Amino acid sequence: MPGALSWGIIIFLVFLSIWHPIICAVLIIIFDFYWIIRTIYLTTLLVMAHKKLSQEKNIDWLKRCQDLPSKKSWYDIYHLVIFPVYKEGLDVLRPSLEALRQSYYPKERMIVVISFEERNGQAKDNAAALEEEFQGVFLGYLSVFHPDGLPGENRTKGANATWAAKKAREFLGSRGIKYEQVIVSCFDADTCVDEQYFGCLSYYFLTSPKPHQASYQPIPVYNNNIWHAPSFARLVEISASFCQMIESMRIEKFVTFSSHSMSFKTLVDIDYWPVNMISDDSVVYWKAFLFYKGNYRVIPLYITVSMDVAYASNFFKTVMLQYRQKRRWAWGVENFPFLVEGFLHSKGISFIHKLRRSFNLLESHVTWAVWAFIIMVITPLPILLGGSFFSQMPIGYNLPRITGMLLNFTLGSSLIWLFLSRAILPPRPKEVKWFKNVIMFLEWAIVPLIILILGSLPALDAQTRLMLARYMKFQPTDKSRTRGS
Amino acid sequence: MRLRREYLLLLRKRGSISAEQRIRVLLFFLSVTIFLTGLPIILSFALGYKFDRRTLKFTKTGLIVFRTQPAGANVYLNRQLLDIKTPVTLTELLPGNYNIMLVLDEYYPWINDVRVDANRVTRLEKIILFPLRPDVKQLNRYNFSSFWVDEAKEDIYYIGFEENSIYSSDLHGQHYRRLANFTGLTTKPLGWKVSPDRNKFLYFNTNQIGFSYFVLSADMDKRRPSFIINYPLGKIIDVFWHSDSYHIIIVGENDIEAMEARPHSRPVFLTNRNKKSGAVSYDISTDTLYFIDSQEASDGNTYDNLYKLELNSRNFLSMLDKNNLR
């Protein structure tokens, strides 16, 4: 349905620009005006989220936990951290584990599971090397190997993470640790947590009402190699971080994305992550949402987890890499049929609530797929295809001026994005020249090109594949630090 | 408002409603309000409607687009100076006739009555304002009889039949130089043409064709001598260079012939002509001669027809060969 809707909108507007260019122009102006209002609204939310991130940046969260009333003891909490790994090597995994070791939280309350794919030949060697370094640092350090081809499974990150969670469950059982005491964090292999992350997570877990009925979502930033990444890859990832910051302000629509945390009890109750779907990070939220009959939410944590900007050895490979990564993200559209089917079998959620959540999900994916097309491809069509009659009408004359004026106004908000992007950047490494600052400033000029190529196109591609039942296979983004630094 | 209340209640039910969320809800409804109030204004402007405060109704309007060369002219609408300069668009004009005057110092004003129709754009985008004192500049330095502007090479050729000299300059009169002296004909030439390779030129009267090669003034001694070919058989109407810069096409009163541009060359007959004064045109890009000739039809009447004679290299050479053999 999302694919049909997106294509329907695009094709409808193309034909309308030929047959009824005036109606098409009116629709374009309505959409453009809606888009500028939306951009201003969302940019304001971004500024608010950024302010909150700045405010909470320097908080000593562990101390806050310690200051909590005694009945809510932070020390009863165990943190289970799962890293599903496929091809990532030691150059990626070691900094992630090092960040855990450096985190400002008692290590005897942390259990780390590195879950390798058994089909990866390097897995055993990497596991042995990391065990040598990190065994004994945490309460538990497990290296597990996810067998290939288990019944009902596809080759997805969720299947690997589920295998790791089941192994961790055995570990917890052997230590007599209750699931209610455990918060599980499922991180991408390149995720480096902020040193206050677990303190912040514990605080929100302990202070939130019904903490088991919530996921906890940090702000993902892509700072690990951002100074070495090519301009457009950097811009795409900064935009992704900003989108997450904006979403964190829209809590009624907020869904887990990438690295996230949740109650282990809830994870067991909902039968772990999906083992046959690509967008495991968001589907796990919907599984919990359906399990708790709509009484499940995502609590934003205004603390960052840092990951890698995906890029390759040359420009075109990087474009393809980014395109595939964004297409995989856009494959989250598979949540829609999953959710609708879930709603059909769920009786405890009101019809209005079902309708609203379904609409939000559908609208966000359809908008993702069509907005850049409408603004950059459809907008000039009435002028190009409308003929002399259209050009003699006031709207034919005014359309490019109004849309140009509106979009220039939108570009103004890009300046705010630019300045905020500077604020979330890590310090410039010594080996990077100061001139890179200038490039990072100028690179925002290529935003219009990026939004079409790496914005709408991958989303439309993903929706079309889902519509035609050409299901995607999980293609992990190649992450290796050696090419960048 | 009911929706907002429900939404706030929902947030309260979930246990927390932070200051940020309150601001966000306010922002959301502010955005919706701006959208709903701003959209009719933008759409009415886009569609060419104007809100009439007196009648409280939307009225259809039209607009005029002005673009002048040069830009920057003051605009008078019905004799009233507007605070704008061209290029400009006058919007929200009620249908009717408007007196428009575009005024720029040192240029003739452009004055016209322009009709504005409802829901229509009147485009006046090709207005040229002519200068009061046109910028006229002398290019030649010596007497001359005729000139030819070579647009392709951006040169001007000047020929003086009194002094029998030919000069050239660029389009601004710079790089003025003598190209050749040539031998005069028995009577004043009817025409002259520079060869496509720009190395020589021909000049002709009714029964003589002269050729002269261009040489830089400093190299006058090295120039190849000019020569004249007599053409006593018929009256010459026109002569054209072939694109190879070696052959010429001679259109006479009675026939069309080709000839090599060298001393003692002999013309080769191509075709005859019944009509002595019909128009002739030569397309050098395809080496095709177009000419009018009269032919008698089966009904006994004589009609003028346009004919085409292709003289591109292959056809032309085989024709020359055949005719030479003959």
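If you read the sequences in order, they're chains A and B.
If you read the first sequence in this note's numbering, its first letter stands for residue 1, the second for the next number, and so on.
If you read the second sequence in this note's numbering, its first letter stands for residue 1, the second for the next number, and so on.
C-beta atoms are modelled at their ideal positions from N, C-alpha and C, and glycine is treated no differently.
In this text, all values refer to a predicted model and were calculated from it rather than measured experimentally.
| Asked | Found |
| --- | --- |
| Answer with buried or exposed for G252/B, where buried requires no fewer than 16 other C-beta atoms within 10 angstroms of its C-beta. | buried |
| Would you say L27/B reaches chain A, if we count a Cβ-Cβ gap shorter than 8 Å as a contact? | yes |
| Let me make sure I understand the geometry here. Which of L420/A, S414/A, Q463/A has the alpha-carbon closest to that of I451/A? | S414/A |
| Pull up the CB-CB distance for G191/B and F204/B, whole angstroms please, since I reckon it's below 8 Å. | 6 Å |
| Of the choices Y78/A, L53/A, W35/A, P427/A, whose alpha-carbon is the least far from that of K265/A? | Y78/A |
| Got a sec, what are the start and stop residues for the alpha helix (DSSP H) Q244/A sits in? | 231-249 |
| Nearest CA to the CA of V215/B: which residue from W241/B, S168/B, Q208/B? | S168/B |
| If you scan the stretch 138-219 of chain A from start to end, which runs of the alpha helix (DSSP H) of 4 or more residues do you find wholly inside it? | 157-175, 197-207 |
| Between the C-alpha atoms of P394/A and K50/B, what's the straight-line distance to the nearest angstrom? | 12 Å |
| Give the secondary structure of T206/B by DSSP, where H, G and I count as helix, E and B as strand, and everything else as coil. | coil |
| Of the residues L355/A, N335/A, F257/A, P426/A, which one's Cα is nearest the Cα of S185/A? | F257/A |
| For T256/A, which residues in chain B fall below 8 Å Cβ to Cβ? | Under the 8 Å cutoff, chain B gives no residues; its nearest Cβ is about 17 Å from T256/A. |
| Mapping DSSP to helix, strand and coil, what is D255/B? | strand |
| State the DSSP-derived secondary structure class of G3/A, mapped to helix, strand or coil. | helix |
| Using the three-state DSSP reduction, which class does P429/A fall into: helix, strand or coil? | coil |
| Could you tell me whether the Cβ of S217/B comes closer than 8 Å to any Cβ of chain A? | Interpretation of S217/B is limited by its pLDDT of 46, a score under 50 that renders its predicted location unreliable; the figure taken from the coordinates is listed afterwards. No, its Cβ sits nowhere closer than 8 Å to a Cβ of chain A. |
| Chain A partners of A46/B, CB-CB under 8 Å? | A25, V26, I29, P394, I395, N398, L399, I402 |
| Name the residues in the stretch 247-278 of chain A whose C-beta lies less than 9 Å from a C-beta of chain B; which are they? | M249, R250, I251, E252 |
| Give me the chain B residues within the contact set of L538/A, using Cβ-Cβ distance strictly less than 7 Å, ordered along the chain. | What is shown of chain A runs 1 to 485, which leaves residue 538/A out entirely. |
| List the residues of chain A whose Cβ lies closer than 7 Å to the Cβ of E125/B, in chain order. | Going along chain A, no residue has its Cβ under 7 Å from E125/B, so there is no contact; the nearest lies around 11 Å. |
| In whole angstroms, what separates the C-alpha of A25/A from that of L63/B? | 18 Å |
| Which of the three DSSP states is assigned to S217/B in this structure? | Residue confidence for S217/B is low, a pLDDT of 46 falling below 50, so the modelled location carries little weight; the figure read from the coordinates is stated next. S217/B falls in the helix class under three-state DSSP. |
| For a cutoff of 8 Å on Cβ pairs, would you count L13/A as touching chain B? | no |
| Taking the C-alpha atoms as reference points, what is the distance between Q135/A and F35/B? | 59 Å |
| Is it true that the CB of L355/A sits closer than 8 Å to the CB of N335/A? | no |
| Kindly list the residues whose CB is nearer than 6 Å to the CB of F83/A, restricted to its own chain and excluding five residues on each side of it in sequence; keep chain order. | I114, F187, A189 |
| Could you tell me which residues DSSP pairs with Y307/B in its beta bridges? | F291/B |
| Quick check on DSSP: helix, strand or coil for S96/A? | helix |
| So V75/B packs on K85/B, CB below 8 Å; how close in whole Å? | 7 Å |
| Compare the C-beta of R120/B against all C-beta atoms of chain A and say whether one is closer than 8 Å. | yes |
| Going along chain A, which residues have a C-beta under 8 Å from I23/B? | M48 |
| For chain B, find out if any of its Cβ atoms is closer than 8 Å to the Cβ of T44/A; answer yes or no. | yes |
| Listing by chain order, which chain B residues have their CB less than 8 Å from the CB of K52/A? | E20 |
| Look at the alpha carbon of K13/B and the alpha carbon of N295/A, and state the distance between them as a whole number of angstroms. | Low confidence applies to K13/B: its pLDDT is 47, below 50, so where it sits in the model is not reliable enough to give any reading. |
| Which same chain residues end up closer than 7 Å to F161/B when comparing Cβ atoms and leaving out the 5 residues on each side of it in sequence? | S145, K188, P189 |
| Taking DSSP's pairing of strands, which residues face N97/B in a bridge? | R115/B |
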